[in-house]
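Visitor:
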Amino acid sequence: MRKEKKGEKKLDKKQKKDIIKRYERHLSRYKASYYRKVGLDLVMGRREGIYFWDLSGKRYINCHCNGGVFNLGHRHPRVVSALQSALGEYDIGNHHLISGPRSLLAERLSQSFASGRGKSELSRVVFGASGGEAADLAIKLARGYTGRQKIVSLAGGYHGHTGLAAATGDEKYRNPFALHLPDFVQVAFGDMAAMRKQIQGAAGVILETVPATLGMPIFPAQQMREIRQLCDRYGVVMIMDEIQTGLGRTGKVWAYQHYDIVPDIVISGKGLSGGMYPISATCYREKFEQVFKKDPFIHISTFGGAEVGCSAALTVLDIVGDADFLKRIETSGLFFEQRWNELSGRFPEITEVRRLGMFMGIRMRSPEDCLILVRTLLDNGIFAVYANNDKRVLQFLPPLIVSESEREEIMQIVETSLKDKSRLKYRLLKAVLKKMLQN
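In terms of the working numbering, the sequence shown opens at residue 627 and continues consecutively.
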């Protein structure tokens, strides 16, 4: 853990309040108002490894990780070093021109999809700056290649806030902006009858390998394989969103590899940044390259694959591609699952533990039970959030670099936080939250 440097001072309360007021004036009035209602005045200060500190000096363990941005913790030394080295030579580069760093990263990404036979079926890459941008391009490729319009997605899923990506997501993200685009169809998770019907005549189907915002329900292997077979039968493009599940989070480099399938397109982001430089990628089979034959400039991204940021992404691939690293992820995931299951026997509000590697969702008895747990965890030094499209589920995403002693520390705090839920102040807060949820 980093020691406080000489001359380094904690901000006093007035300075912190000034920052919050500035945020409210110039960034988001309504977020600031919401945080006040729930008593959250957290402002991130220094950060290192699995930890970050509030400006007041309070330390938190990050079990949210921004959905995978901080898979490798905060300011991973190897990622920081790679980025510092790149800054001595590169800048963003020109997105129109041939690029050495971008080409190397694309090659390495392609190799990460190689099957057991050593062949990579996803040999093409287009870079972006955000996951929504990657999802948008995946949908454009599906439509451009097939000449069809319909896109099938899961109800309650999430693929980003940009135009086409938002059209695949929950109505709460579409309705305020009148994003009622035609030819976007949603089916419920697990409703294979609806999937068999809607996939016919579609250009593509887009799925999170594990739907995070829906609460991390795990696809049965047979369902995932049947969707792949349906896509093959009807000539539909299978798009897997690995923005949150990819890059080691599930114990494999890509979560779809648990299902013995190969998608047509895979989108990545968040963790590809190493938590240091934003980058996303749309990775696809060779056949889709023909979409760009007539005009190779019909899709561009000014900041996509910025050359200085490629160094960070290459380092991420080096780390998560290590077999021993992936084994440790599965070991840690099993530890957390066992401990949560033990706690469920003592705390009946825990109704289900969902896990694939270290991608975990803890379903509680009610949304207010989950929200109170989020709060008690926060008060005890763990930052985690609920799944926005199923507020009964705690998204539990410790950094992949967590050590044995840190794992134990996390679960001790979890147990304390579950006990604290029965205290009077939290019972009163639970009533307030229940009323807020009803409104």
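Using N, Cα and C, we set each Cβ at its ideal position, and we do this for glycine too.
Considering only C-alpha positions, which residue in the set Gln1038, Ser654, Glu1035, Gly758 is nearest to isoleucine 869?
Guide: The residue you call residue 869 lines up with position 243 of the sequence shown. Out of Gln1038, Ser654, Glu1035, Gly758, Gly758 has the C-alpha closest to the C-alpha of isoleucine 869.
Visitor: How many angstroms separate the CA atom of glycine 683 from the CA atom of isoleucine 646?
Guide: In the sequence shown, counting from the first residue as 1, residue 683 sits at position 57. In the sequence shown, counting from the first residue as 1, residue 646 sits at position 20. Their backbone Cα atoms lie some 16 angstroms apart in a straight line.
Visitor: Excluding the five sequence neighbours on either side, which residues of its own chain have a C-beta within less than 6 angstroms of the C-beta of lysine 1045, listed in chain order?
Guide: Indexing the sequence shown from 1 puts residue 1045 at position 419. So no residue of the chain qualifies.
Visitor: Buried or exposed, going by whether 16 or more other CB atoms sit within 10 Å of the CB of aspartate 638?
Guide: Sequence index remark: in the sequence shown, residue 638 carries index 12 (1-based). Looking at its Cβ environment, which holds fewer than 16 other Cβ atoms inside 10 Å, aspartate 638 is exposed.
Visitor: Is aspartate 644 helix, strand or coil by DSSP?
Guide: Your numbering for residue 644 matches position 18 in the sequence shown. Reduced to three states, the DSSP call for aspartate 644 is helix.
Visitor: Strictly by DSSP, which residues pair up with alanine 1013?
Guide: Locating residue 1013 in the sequence shown gives position 387, where the first residue counts as 1. According to DSSP, which records beta bridges pairwise, alanine 1013 is partnered with Asp1016.
Visitor: Phenylalanine 973 by DSSP, collapsed to three states: which one?
Guide: Counting from one through the sequence shown, the residue named residue 973 turns up at place 347. It is coil, neither helix nor strand.
Visitor: By a C-beta neighbour count over all protein chains shown, 10 Å radius and 16 as the cutoff for buried, is lysine 1061 buried or exposed?
Guide: Position 435 of the sequence shown holds residue 1061. Classification of lysine 1061: exposed, given that the 10 Å Cβ count is below 16.
Visitor: Just to confirm the assignment: which complete alpha helix (DSSP H) runs, minimum length 4, are found wholly within the segment 833-900?
Guide: Correct list: 847-860.
Visitor: Check serine 779 in the structure and name its three-state DSSP category.
Guide: If you number the sequence shown from 1, residue 779 lands on position 153. Residue state, collapsed to three classes: strand.
Visitor: Can you tell me which of the three DSSP states asparagine 692 falls into?
Guide: As a working mapping, residue 692 is identified with position 66 in the sequence shown. Here asparagine 692 sits in helix by DSSP.
Visitor: In the structure shown, what three-state DSSP assignment does serine 725 receive?
Guide: Counted from its first residue, the sequence shown places residue 725 at position 99. It is coil, neither helix nor strand.
Visitor: Look at isoleucine 905 and glycine 931 and say whether their C-beta atoms are less than 9 angstroms apart.
Guide: The sequence position of residue 905 within the sequence shown is 279, counting from 1. The sequence position of residue 931 within the sequence shown is 305, counting from 1. Yes, the Cβ-Cβ distance between isoleucine 905 and glycine 931 is below 9 angstroms.
Visitor: Near tyrosine 1012, what residues of its chain come up, given a Cβ to Cβ distance below 7 angstroms and the 5 sequence neighbours on each side ignored?
Guide: To locate residue 1012, count along the sequence shown from 1; it is residue 386. Here the set comprises Cys996, Leu997, Val1000, Val1019, Leu1020, Gln1021.
Visitor: Measuring CB atoms only, is the segment 778-788 touching the segment 838-855, in the sense that at least three cross pairs come out at less than 8 angstroms?
Guide: Contact between the segment 778-788 and the segment 838-855 is present, because at least three Cβ pairs lie under 8 angstroms.
Visitor: If contacts are defined as beta-carbon pairs under 8 angstroms, then isoleucine 1036 and proline 1024 qualify, I think. What distance do you get, rounded to the angstrom?
Guide: Start at 1 with the first residue of the sequence shown, and residue 1036 comes out as number 410. Start at 1 with the first residue of the sequence shown, and residue 1024 comes out as number 398. The pair is a contact, with the Cβ atoms about 6 angstroms apart (cut-off 8 angstroms).
Visitor: Name the one or two DSSP bridge partners that tyrosine 910 has.
Guide: Position 284 of the sequence shown, counted from the first residue, corresponds to residue 910. DSSP lists Arg750, Ile891 as partners of tyrosine 910.
Visitor: Quick one: Cα of leucine 767 to Cα of phenylalanine 914, how far?
Guide: Start at 1 with the first residue of the sequence shown, and residue 767 comes out as number 141. Start at 1 with the first residue of the sequence shown, and residue 914 comes out as number 288. Computed Cα separation, rounded: 7 angstroms.
Visitor: For the alpha helix (DSSP H) that contains glutamate 1035, what are its first and last residues?
Guide: Here the question's residue 1035 lines up with position 409 in the sequence shown. From DSSP, the alpha helix (DSSP H) with glutamate 1035 extends over 1030-1046.
Visitor: Rounded to a whole number of angstroms, what is the C-alpha to C-alpha distance between leucine 873 and phenylalanine 985?
Guide: On the sequence shown, position 247 is the one that residue 873 refers to. On the sequence shown, position 359 is the one that residue 985 refers to. The alpha-carbon atoms of leucine 873 and phenylalanine 985 are separated by roughly 11 angstroms.
Visitor: According to DSSP, is isoleucine 765 part of a helix, a strand, or is it coil?
Guide: Stepping through the sequence shown from its first residue, residue 765 is reached at position 139. It is helical.
Visitor: Would alanine 760 and threonine 908 be called neighbours here (beta carbons separated by less than 9 angstroms)?
Guide: Position 134 of the sequence shown, counting from 1, holds the residue named residue 760. Position 282 of the sequence shown, counting from 1, holds the residue named residue 908. Yes, Cβ-Cβ distance for alanine 760 and threonine 908 is below 9 angstroms.
Visitor: By the 10 Å Cβ neighbour count, where 16 or more other Cβ atoms means buried, how is lysine 640 classified, buried or exposed?
Guide: The count along the sequence shown starts at 1 and reaches residue 640 at position 14. Lysine 640 is exposed by the Cβ-count criterion.
Visitor: Can you list, in chain order, the residues of its chain whose CB lies under 6 angstroms from that of alanine 828, leaving out five sequence neighbours each side?
Guide: The residue labelled residue 828 in the question sits at position 202 within the sequence shown. Contacts found: Lys776, Val778, Val862.
Visitor: Between arginine 750 and glutamate 912, how many whole angstroms is the CB-CB distance? I'm expecting something under 8 angstroms.
Guide: Here residue 750 refers to the residue found at position 124 of the sequence shown. Here residue 912 refers to the residue found at position 286 of the sequence shown. That belief holds up - the Cβ atoms of arginine 750 and glutamate 912 are roughly 6 angstroms apart, short of 8 angstroms.
Visitor: Over the uninterrupted alpha helix (DSSP H) stretch that includes isoleucine 998, give me the two end residues.
Guide: Taking the first residue of the sequence shown as position 1, residue 998 is located at position 372. Run containing isoleucine 998: 993-1006, per the alpha helix (DSSP H) assignment.
Visitor: If we ignore side chains and look at the alpha-carbon of each, how far apart do arginine 769 and histidine 884 end up?
Guide: Taking the first residue of the sequence shown as 1, we reach residue 769 at position 143. Taking the first residue of the sequence shown as 1, we reach residue 884 at position 258. Going by the C-alpha atoms only, they are around 28 angstroms apart.
Visitor: Could you compute how far the alpha carbon of arginine 728 sits from the alpha carbon of arginine 648?
Guide: Position 102 of the sequence shown, counted from the start, is the residue given in the question as residue 728. Position 22 of the sequence shown, counted from the start, is the residue given in the question as residue 648. Answer to the nearest angstrom: the Cα atoms are 38 angstroms apart.
Visitor: Three-state secondary structure (DSSP) at arginine 701?
Guide: Stepping through the sequence shown from its first residue, residue 701 is reached at position 75. Three-state result, arginine 701: coil.
Visitor: Measuring CA to CA, which of Pro808, Leu763, Glu797 is closest to serine 927?
Guide: Within the sequence shown, numbered from 1, the residue matching residue 927 stands at position 301. For serine 927, the nearest C-alpha among the options comes from Leu763.
Visitor: For methionine 821, name the three-state secondary structure that DSSP assigns.
Guide: Numbered from 1 along the sequence shown, position 195 holds the residue referred to as residue 821. Methionine 821: helix per DSSP, three-state reduction.
Visitor: Can you give me the Cβ contacts of glutamate 650 inside the same chain, cut-off strictly under 6 angstroms, excluding the 5 residues immediately before and after it?
Guide: As a position in the sequence shown, residue 650 is number 24, starting the count at 1. Cβ within range, chain order: Ala658.
Visitor: Note the first and the last residue of the continuous alpha helix (DSSP H) segment covering methionine 670.
Guide: Translated into positions along the sequence shown, residue 670 becomes position 44. Premise fails: methionine 670 lies in the beta strand (DSSP E), 670-674, not in any alpha helix (DSSP H).
Visitor: In three-state terms, what does DSSP make of phenylalanine 815?
Guide: As a position in the sequence shown, residue 815 is number 189, starting the count at 1. The answer is coil: DSSP assigns phenylalanine 815 none of H, G, I, E or B.
Visitor: From this set, Arg875, Ala819, Thr876, which residue's C-alpha is nearest isoleucine 853's C-alpha?
Guide: Taking the first residue of the sequence shown as 1, we reach residue 853 at position 227. It is Ala819 whose Cα lies nearest to the Cα of isoleucine 853.
Visitor: Can you tell me which of the three DSSP states isoleucine 1027 falls into?
Guide: By one-based count along the sequence shown, residue 1027 stands at place 401. In the structure shown, isoleucine 1027 sits in coil (DSSP, three-state: anything other than H, G, I, E or B).
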